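**Student:** Protein chains in written order, with numbering that gives the first Met the number 0: chain Z, 0 to 250; chain D, 0 to 311; chain C, 0 to 271. We treat Cβ as the ideally placed atom computed from N, Cα and C, and that holds for glycine. Keep in mind that this is a model prediction, so the values were computed, not measured.
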Amino acid sequence: MQIISAENIDFKYNGEKAINGIDFKINEADFLTILGPNGSGKSTLLKILARINDIQTGSLIVNGHYIESYESSEYAKFFSYVPGDIYTPYDFSVLEIVVMGRAPYLKWWEDYQKKDNLLAMETLESMRISHLAKRSINSLSSGEKQLVFIAQALVQNPGILVLDEPTSHLDIKYKMEIFGLLNKMREEKKITIIIASHDINLVSLYANKALLLNKGKQMFFGRAQDGLTADNISRTYEIEDTSKITAMFKL
Amino acid sequence: MKMNKFLIALFVLAVLFVLSLFIGPTSLNGFDIIFHIRLPRVLQAVIAGCALSVAGVIFQGVLKNPLCDPYILGTSSGALFGAVLAQVIGLNQGSFFFYILIGASALGATLIAYNLAKYKKQVSNVDLILAGVIISTFLSALVLLFLSLHRESALNIVFFMMGGLYETDKGLLIAAAVLVFIGIMLALSLSRQLDIFSLGEEKAVHLGINTEKYKIIYFTIASLITACAVSISGTIGFVGLVVPHMARLIVGPSHFRLILASAIGGSMFLIVTDAFARTVIAPGEIPVGIITALVGAPFFLWLLFRNRGKIK
Amino acid sequence: MRLISIALSAFFLFISFCNAGVVKKNRVVSLMPSYTEIIYALGAQDQLVGVSNFCNYPEEALTKEKTGDYLRPNFEKIYSLKPDIILAPQWKNSIFLKNLKSLGLNVVQFKDESAIKDIFRTIGIIAVKTNKKAQGKALIKKLKKRLKDISKKRVSNKKRPKVYIEVDNKYWTAGKNSFLSDVIEKAGGKNIFSDIKRSYFQTSWEAIIERNPDIIISLWGDAGDYAKKPLAEKINALANSRIISDIERDKIARPALRVFDIIEELSLKFEK
C-alpha cells in the first residue's frame with residue numbers, strides 16, 4: 000500500500016532552489032535510503048516531510064492525505080523524526096526523554112500516565128538499553144544518546160520513521176545495532192523507514208529503495224539494487240574514479 | 000516521595016516568613032507594626048520572588064538558554080523608562096497609576112522586542128535575544144538622556160533600578176498577587192510542554208506541538224508576572240537568573256518540579272535578603288537589589304565554575 | 000639736572016595715579032549657585048563673567064554667560080571667558096582641577112558646606128577674592144546677629160520639636176553631617192536622625208514611626224502622600240497635621256543667604 004507519494008517537489012530558500020522536481024512513491028514497510036553529497040537537498044527534503052518546512056510546489060501525499068491537511072498532533076502520531084544530533088542543555092533522564100515521545104497522544108492539560116511510562120520502558124527493553132533508564136542524557140555516549148532518541152521516536156508509534164544521518168558519528172557497533180533495529184521495526188511492525196545516510200555499505204545491506212540527489216536534482220529513484228551501483232554513486236557524488244567505489248563498497 | 004521535599008521546603012518558607020515579620024530596623028514589635036508594615040513587605044518579597052524566579056525558569060526553558068533572566072526581552076529597561084516617563088508627565092510618585100505605568104511599560108517593551116524578532120510568523124531564539132538587547136539599549140539611552148538633563152532625579156532612578164520593597168498601594172499588591180498566582184498555575188499546567196521545548200523547537204514540532212502558539216503563551220505569562228514584580232518592587236536583579244539554577248541542581252530539570260522549587264526558592268531568597276537590606280545599616284536602608292546582586296553574583300560564579308565543561 | 004628729576008618724578012607720580020584710578024577689573028566665574036548668590040549679596044556682580052547652568056537667583060544671574068554645571072563644567076567656555084578666578088566646589092574628580100590649572104587658570108576651591116557656619120567661611124573667602132572685604136565682614140555680622148535673635152526668641156524651657164525632613168522620594172533624609180540637619184537645629188528643631196553620623200541617606204517608614212516626629216518637612220511631595228501610609232496616625236506630625244511642604248528646595252538647601260529667611264520662617268512654625 001502506498002504510503003508516500005511525492006510529485007514534482009520544488010523548494011526555494013530565499014529565492015534559490017534547494018530541490019528541484021523530486022518525484023518518488025514508496026510503500027508501507029519500505030526501507031528508503033536518500034543519498035547525496037552535502038548540500039544536495041537531503042535535509043531540505045526531510046524537513047518538508049517532517050513539516051518543518053512548508054511545502055511550496057508539487058504534491059506530497061502521506062498515508063492517503065495531503066501533507067498540509069494534517070493537524071500537528073495528528074501527523075505526529077504517524078510520522079516521527081530522528082535528527083542526527085540533538086543538543087540537550089538540561090540533564091533529563093533517559094526515561095524522561097523517551098516518554099516525551101507520547102506527547103502527541105496527550106491533551107494539553109494531561110500528564111504522562113502509567114501506560115505511557117510503561118510503553119517507554121518496554122521500548123527501552125526491546126532495544127536492550129533499559130539499564131540506562133535512570134541515567135542523565137548528558138552522561139551517555141553519542142551512540143547511546145542516538146538510541147535514546149530513536150526510542151523516543153518509536154514510542155510515538157509511528158507508521159513512518161525518518162532518520163537524518165543517525166550513524167555518522169558512531170562506531171561500528173552502534174552503526175550495526177541501529178540498522179539492525181530499524182530493519183526489525185520494519186519487519187515486525189511494518190514501519191516505513193526513510194534514512195539519509197553516508198554509510199553506503201550498511202545502507203546497501205538493508206535498503207530496498209534508493210533516492211539519489213545531487214544539487215537538488217533527482218539523479219535516481221527506484222530499487223536499491225538498481226540504484227546503488229558504482230556508476231550512479233560516482234555520478235551523484237561527482238567522483239571521477241568509479242573503480243575505487245566498486246572496491247570500497249563492494250557493489 | 001518527591002512531595003516530601005516540597006512539603007519540607009514549604010515548611011521552611013513558612014518559618015522564614017514568620018521569623019522575618021519580627022525582624023526590622025527598629026525595636027518595635029507590636030501587632031501594629033507587624034501587621035501594617037512588615038507583613039505587606041514580606042508578602043511583596045514572596046510575590047516578587049516567586050514571579051521573577053518562575054519567569055526565569057520559563058525564559059530559560061523556551062529559549063533553551065540557562066543564562067536567561069526575566070529581563071532578557073527588555074522588561075527592566077521598559078520599567079525604567081516607565082518610571083522616567085511618569086516623572087516627565089508629572090505623575091505623582093506612589094500613586095496607583097504610577098505603578099500601572101511602570102508595569103505597562105515593562106510589558107510594552109517586551110511586546111516590541113517580540114514583534115521586532117518576528118519574521119513571517121516565526122520567532123527565532125537568537126533574534127529574540129538580540130531584539131531584547133536592542134530594546135534595552137535604546138530605552139536605557141533614553142533614560143540616561145533624561146537623567147543628563149535632570150540630574151536631581153538621578154538618585155531616584157538609580158535606586159529604582161536596584162529595586163526595593165517599599166510601601167505600595169494595597170490594591171495593587173493584591174492585584175499583583177492574584178496575577179502572579181494565576182501565571183504560575185498556568186505555567187505549571189503547561190510545564191510538560193516546556194520540557195519538550197528544551198529539546199529544541201524542531202523536536203517540539205516533530206512531537207506535534209504548535210511551537211509558535213506556545214511561545215506566545217509562555218512569553219505572555221513570563222512577561223506578565225515579571226511586569227507585576229517590577230511594578231511593585233523595581234528591577235531586582237539576579238533572582239530570576241540564579242534561583243532557577245539552584246532549583247535545577249536540587250530537583251532536576253523537569254519543569255513541573257522546577258517551577259514549584261523556583262517559586263519557593265525565590266520567595267525564600269527575597270525574604271532573607273530583604274531582612275538584611277532593612278536591618279544591616281538601620282535606620283538606613285539598602286535597596287534589596289544590591290543585596291541580591293552582591294550575594295547572587297559570587298554564587299552564580301561558583302555555579303558556573305562547578306558546571307564548567309558540562310554545558311557546551 | 001634738577002629740572003629733569005622733577006619732571007621724571009612728576010611723570011612717575013602721574014603714571015601711578017593713573018594706575019591707581021584704573022583698577023584692573025576682576026573677572027570671576029562662579030560654578031555653584033550658592034557662590035553666585037553670595038556674590039550678588041556682596042555687590043560684586045559686575046565682576047561676574049560666567050555662572051553655572053543652575054545659577055538662577057537672583058534673576059539677573061540668568062543673563063550671565065553659562066559655563067555648564069558643576070558636575071561637568073565646560074572647559075572651553077570657561078577658558079574663553081578669561082577668568083581671573085574660578086570659584087569651584089570640592090570636586091570628587093580631581094581631573095577637573097588639573098585640567099583647569101593646566102589651562103593656566105586660577106581655581107579657588109571651597110569645601111562643601113555641611114553647617115551654617117561654613118557659609119560664613121565661604122562668604123569671607125569670596126569677599127577677599129572680589130575685593131569686598133568690608134562688605135563681607137558686614138554681611139557676616141548681620142547674619143550672625145540674625146541667628147542670635149532667632150535663638151533668643153525661642154522659649155528656652157520649651158522642648159525642641161522633633162523634625163523629620165524628607166529630601167526625596169523613598170525616605171531620603173538628612174543625618175548629623177548634613178547641611179539640612181544644621182538648618183533644623185538653628186531653627187530650633189531637633190532632627191530625628193541627628194544621632195546618625197551620615198550626611199544624606201535612605202531610611203525606612205518603620206524607623207520614622209519609631210522616632211515619631213512632631214513635624215515633617217517634605218521637600219518633594221505633599222501631605223497627602225504620608226496620610227496614605229500604614230500606621231500614619233501613630234505619628235505626631237500626621238495626627239496634628241504639622242507637615243511643611245511649601246519650602247522651595249533652592250532656598251533651604253543652598254548654603255547662601257536665603258536659607259536664613261527659611262530658618263526664621265521655620266523657627267516661627269516650630270514655635271506653634
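1. Looking at S232/D: is its Cβ nearer than 8 Å to the Cβ of L164/D?
2. With a threshold of 8 Å between beta-carbons, can S19/D be considered close to chain C, or not?
3. One question on the structure: do L146/Z and I177/Z come within less than 8 Å of each other, judged by their Cβ atoms?
4. Is there a C-beta anywhere in chain Z that falls below 8 Å from the one on R191/D?
5. Going along the chain, which residues of its own chain have a beta-carbon closer than 7 Å to the beta-carbon of P72/C, five neighbours each way excluded?
6. Please report how far the alpha carbon of G14/Z lies from the alpha carbon of K117/D, in whole angstroms.
7. If contact means a Cβ-Cβ distance below 7 Å, which residues of the stretch 240-256 of chain C contact chain D?
8. Residues of the stretch 185-209 of chain D in Cβ contact with chain Z at a cutoff of 8 Å, in chain order, please.
9. Any beta-carbon of chain Z closer than 8 Å to the one on F299/D?
10. On the three-state DSSP scale, how would you describe H64/Z?
11. Check the C-beta distance from I208/C over to A236/C and give it rounded, since I have them as a contact under 8 Å.
12. Please list, in chain order, the chain Z residues whose beta carbon lies closer than 8 Å to that of P282/D.
13. Can you name the residues of chain D whose CB is closer than 9 Å to the CB of Y12/Z?
14. L47/C to V162/C, Cα distance in whole Å?
15. Candidates K63/C, T121/C, S4/C and N25/C: which alpha carbon is nearest I37/C's?
16. Run through the stretch 73-116 of chain Z for me and flag every whole beta strand (DSSP E) of 3 or more residues, listed as ranges in chain order.
17. Output yes or no for whether 8 Å exceeds the beta carbon distance between L61/C and P82/C.
18. Should T278/D and I33/D be called a contact, given that it needs their Cβ atoms to be closer than 8 Å?
19. List the residues of chain Z that P243/D touches, going by C-beta distances under 7 Å, in chain order.
20. By Cβ distance, which residues of its chain are closer than 7 Å to D168/D, with the 5 residues on each side in sequence left out?
21. Does the beta carbon of H149/D sit closer than 8 Å to a beta carbon anywhere in chain C?
22. Could you say which of A174/D, M160/D and A50/D lies nearest to I263/D if we only look at CA atoms?
23. Residues bridged to A209/Z by DSSP?
24. Please name the residue or residues paired with I193/Z in a DSSP beta bridge.
25. Using a Cβ-Cβ cut-off of 8 Å, state whether M99/Z counts as contacting chain D.
26. Apart from the five residues on each side of it in sequence, which residues of its chain come closer than 7 Å, Cβ to Cβ, to L15/D?
27. I'd like to know whether the C-beta of E95/Z is nearer than 8 Å to at least one C-beta of chain D.
28. Determine the contact status of S177/C and Y199/C, defining contact as a CB-CB distance below 8 Å.
29. By the 10 Å Cβ neighbour count, where 16 or more other Cβ atoms means buried, how is S33/C classified, buried or exposed?
30. I need the straight-line Cα distance from L6/D to L185/D, nearest angstrom please.
31. Quick check on E201/D: does DSSP put it in helix, strand or coil?
32. CA-CA distance, D249/C and L267/C?
33. So for E166/D, helix, strand or coil by DSSP?
34. Where does G20/C fall in DSSP's three states?
35. Specify the secondary structure class of P72/C as computed by DSSP and reduced to three states.
**Tutor:** Inspection of the coordinates gives the following:
1. For the purposes of this step, residue 232/D is taken as the residue at position 233 of the second sequence. For the purposes of this step, residue 164/D is taken as the residue at position 165 of the second sequence. The answer is yes: Cβ separation under 8 Å.
2. Counted from its first residue, the second sequence places residue 19/D at position 20. No, no contact with chain C.
3. The residue given as residue 146/Z occupies position 147 in the first sequence. The residue given as residue 177/Z occupies position 178 in the first sequence. Yes, these two residues count as a Cβ contact at 8 Å.
4. The residue given as residue 191/D occupies position 192 in the second sequence. Residue-level contact check: R191/D touches chain Z, since one or more beta carbons of chain Z fall below 8 Å from its beta carbon.
5. If you number the third sequence from 1, residue 72/C lands on position 73. Excluding sequence neighbours, P72/C sits near L30, T66 and F95.
6. Here residue 14/Z refers to the residue found at position 15 of the first sequence. Here residue 117/D refers to the residue found at position 118 of the second sequence. A straight-line Cα-Cα distance of about 20 Å links G14/Z and K117/D.
7. Taking 7 Å as the Cβ-Cβ cut-off against chain D, none of the residues of the stretch 240-256 of chain C qualify.
8. Answer set for the stretch 185-209 of chain D: S188, L189, R191, Q192, D194, I195, S197, L198, G199, E201, K202, V204, H205, L206, G207, I208 and N209.
9. Here the question's residue 299/D lines up with position 300 in the second sequence. No, no contact with chain Z.
10. Translated into positions along the first sequence, residue 64/Z becomes position 65. Reduced to three states, the DSSP call for H64/Z is strand.
11. Mapped onto the third sequence, residue 208/C falls at position 209. Mapped onto the third sequence, residue 236/C falls at position 237. Cβ atoms of I208/C and A236/C stay farther apart than 8 Å, at about 11 Å.
12. Within the second sequence, numbered from 1, the residue matching residue 282/D stands at position 283. None at all; the shortest Cβ gap to chain Z is about 45 Å.
13. What you label residue 12/Z is simply residue 13 of the first sequence in a count that begins at 1. For Y12/Z, no chain D residue has a Cβ inside 9 Å of its Cβ, as the nearest lies near 13 Å away.
14. Within the third sequence, the letter at position 48 stands for residue 47/C. Within the third sequence, the letter at position 163 stands for residue 162/C. Taking the straight line joining both Cα atoms gives about 38 Å.
15. Your numbering for residue 37/C matches position 38 in the third sequence. Nearest C-alpha to I37/C: T121/C.
16. As for any beta strand (DSSP E) of minimum length 3 sitting wholly inside the stretch 73-116 of chain Z, the runs are 78-81, ordered along the chain.
17. Residue mapping note: residue 61/C aligns to position 62 of the third sequence, counting from 1. Residue mapping note: residue 82/C aligns to position 83 of the third sequence, counting from 1. No; because the gap between Cβ atoms is not below 8 Å, this pair is not in contact.
18. The sequence position of residue 278/D within the second sequence is 279, counting from 1. The sequence position of residue 33/D within the second sequence is 34, counting from 1. With respect to the 8 Å criterion, T278/D and I33/D are not classified as neighbours on the basis of their beta carbons.
19. The sequence position of residue 243/D within the second sequence is 244, counting from 1. In chain order: nothing, as chain Z lies at least about 11 Å away.
20. For the purposes of this step, residue 168/D is taken as the residue at position 169 of the second sequence. Only F95 and Y98 meet the Cβ criterion.
21. The sequence position of residue 149/D within the second sequence is 150, counting from 1. No, its Cβ sits nowhere closer than 8 Å to a Cβ of chain C.
22. Against the second sequence, residue 263/D aligns to sequence position 264. It is A50/D.
23. Stepping through the first sequence from its first residue, residue 209/Z is reached at position 210. Answer is T32/Z and G221/Z, bridged to A209/Z.
24. Taking the first sequence and counting its residues from 1, one reaches residue 193/Z at position 194. In the DSSP output, where bridge partners are listed per residue, I193/Z has L31/Z and V161/Z.
25. Position 100 of the first sequence, counting from 1, holds the residue named residue 99/Z. Chain D contact via Cβ: present.
26. Indexing the second sequence from 1 puts residue 15/D at position 16. M267, I270 and V271, listed in sequence order.
27. Locating residue 95/Z in the first sequence gives position 96, where the first residue counts as 1. By this cut-off, E95/Z is an interface position.
28. Taking the third sequence and counting its residues from 1, the one referred to as residue 177/C is at position 178. Taking the third sequence and counting its residues from 1, the one referred to as residue 199/C is at position 200. A contact, by the Cβ cut-off of 8 Å.
29. For the purposes of this step, residue 33/C is identified with residue 34 of the third sequence, where counting begins at 1. Here S33/C is buried: its Cβ has 16 or more other Cβ atoms, across all protein chains shown, within 10 Å.
30. Walking along the second sequence from the start, residue 6/D turns up at place 7. Walking along the second sequence from the start, residue 185/D turns up at place 186. Rounded to whole angstroms, L6/D and L185/D show a C-alpha spacing of 21 Å.
31. Within the second sequence, the letter at position 202 stands for residue 201/D. In the displayed model, E201/D falls within a helix according to three-state DSSP.
32. Start at 1 with the first residue of the third sequence, and residue 249/C comes out as number 250. Start at 1 with the first residue of the third sequence, and residue 267/C comes out as number 268. Cα to Cα, D249/C sits roughly 20 Å from L267/C.
33. As a position in the second sequence, residue 166/D is number 167, starting the count at 1. In this structure, E166/D counts as coil in the three-state DSSP scheme.
34. As a first step, residue 20/C must be located in the third sequence, where it is residue number 21. Bear in mind that a pLDDT of 49 at G20/C, under 50, signals an unreliable position, so the number given afterwards is only what the model happens to contain. DSSP places G20/C in helix when its eight states are reduced to three.
35. Counting from 1 along the third sequence, the entry for residue 72/C is found at position 73. Note: P72/C maps to strand in three-state DSSP.
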